[in-house]
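**Q** The working numbering runs 16 ahead of the 1-based position in the sequence shown.
For every residue, glycine included, the Cβ atom is placed at its ideal position computed from N, Cα and C.
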Amino acid sequence: MRTELVSESGDPGRPNEDFASVGLPASGQGGSLIVLDGVTPPRGETGCLHSVPWYTARLGGALTELTVSYRDLTLAEILSRAILRTAEAHATTCDLSHPRTPQATVVLARWSPAEIEYLVLSDSALLAENPSGEVTAVLDDRLSRLPRSALATDALIDTTLRNKEGGFFTAAADPSVAERAVTGSLPRAEVRSLTALTDGATRWVEKFREGDWADCFALVRKEGAAELVGRVRALERADAEERTYLRRSKTHDDATVVYVEL
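Structure representation (structure tokens):
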């Protein structure tokens, strides 16, 4: 089994808000991968004493333990338990009802000799390659399908769209959001390798249009996760002034890529 993990902050002067892990049970019967992209809040009040990296570390740690240890639970049940555990860690000190309470996008995958289970919540991505080299992208595309006018301001997003019906969902403090995730499974024999990416890395496909998901997967498999992140950074620097592709987005975002050959 081969694994590769690269996570790079978008700003060297700011903590990386992503989280990534690969878990391999001592039994040798399968494993799991977890990728979280912490949501950077706008300037202002969040109702919480804690940072986004604090939240992603807590949530990611809980997910790593639960995916490996509780194989009788579905991934949605695991995400629900992890969100609840994290919420309980700061419920007495923070206003968890605030729309900008620390939160994250989620990618989970867990494999056994028989199947691959997956869960995707919000705009990170999971790519699955079959033995013949075909690539399937598992995406939660609710955010990308919203009209640009609905995303005009942070206040409008928080009031009408964030973790609301008809909008999009992230892992924050409400365990029931796990029911909103994109979930499913694939036969183990139909998956040769997996790649999970935060949206700082999916920019190569989704913003800069350098290739499709199959091209992105091939780049990671052949040249490595660090090469993908390096190419994204070069494209970001080239677009920093004109902002043809990035528009309202920050110039550099945290970028995380996890590759697993099963």
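My guess is that LEU143 and PHE233 are in contact by the Cβ rule of under 8 Å, so how many angstroms apart are they, rounded?
**A** The pair is a contact, with the Cβ atoms about 5 Å apart (cut-off 8 Å).
**Q** Would you mind reading off the limits of the beta strand (DSSP E) that contains ASP53?
**A** Looking at the DSSP string, the run of the beta strand (DSSP E) that includes ASP53 is 47–54.
**Q** Kindly indicate which residue of SER25, MET17, ARG18 has the alpha-carbon position closest to the one of GLY246.
**A** Closest option to GLY246, Cα to Cα, is SER25.
**Q** For the alpha helix (DSSP H) containing PHE233, name the first residue and the last one.
**A** Taken as a continuous stretch (DSSP letters only), the alpha helix (DSSP H) holding PHE233 covers 229–239.
**Q** Going by Cα to Cα distance, which pick from SER113, SER192, ALA153, ILE50 is closest to ASP228?
**A** For ASP228, the nearest C-alpha among the options comes from ALA153.
**Q** Rounded to whole angstroms, how far is the Cβ of ALA212 from the Cβ of SER140, which I believe are closer than 8 Å?
**A** The pair is a contact, with the Cβ atoms about 7 Å apart (cut-off 8 Å).
**Q** Mind checking whether LEU262 and PRO191 have CB atoms under 8 Å apart?
**A** No. Outside cutoff.
**Q** Tell me whether PRO31 sits in a helix, a strand or coil according to DSSP, three-state version.
**A** PRO31: coil per DSSP, three-state reduction.
**Q** How far does the alpha helix (DSSP H) with TYR71 in it extend, from its first residue to its last?
**A** Looking at the DSSP string, the run of the alpha helix (DSSP H) that includes TYR71 is 68–85.
**Q** Are the beta-carbon atoms belonging to VAL248 and ALA217 less than 8 Å from one another?
**A** Taking 8 Å as the Cβ cut-off, VAL248 and ALA217 qualify as a contacting pair.
**Q** If I follow the unbroken beta strand (DSSP E) through VAL276, where does it start and stop?
**A** Note, VAL276: beta strand (DSSP E), 271–277.
**Q** Do the CB positions of GLY54 and ALA107 come within less than 8 Å of each other?
**A** Contact: no.
**Q** Taking the alpha-carbon positions, what's the THR175 to PRO115 distance?
**A** If you take the alpha carbons of THR175 and PRO115, they lie about 8 Å apart.
**Q** Near ASP27, which residues of its chain fall below 8 Å by C-beta distance, leaving aside the five closest residues on each side in sequence?
**A** Once the five neighbours on either side are set aside, the close Cβ partners of ASP27 are HIS268.
**Q** Going straight from the alpha carbon of PRO147 to that of LEU21, what length do you get?
**A** For PRO147 and LEU21, the distance between alpha carbons rounds to 22 Å.
**Q** Would you mind reading off the limits of the alpha helix (DSSP H) that contains VAL293?
**A** Because the chain here runs from 17 to 278, residue 293 falls outside it and cannot be looked at.
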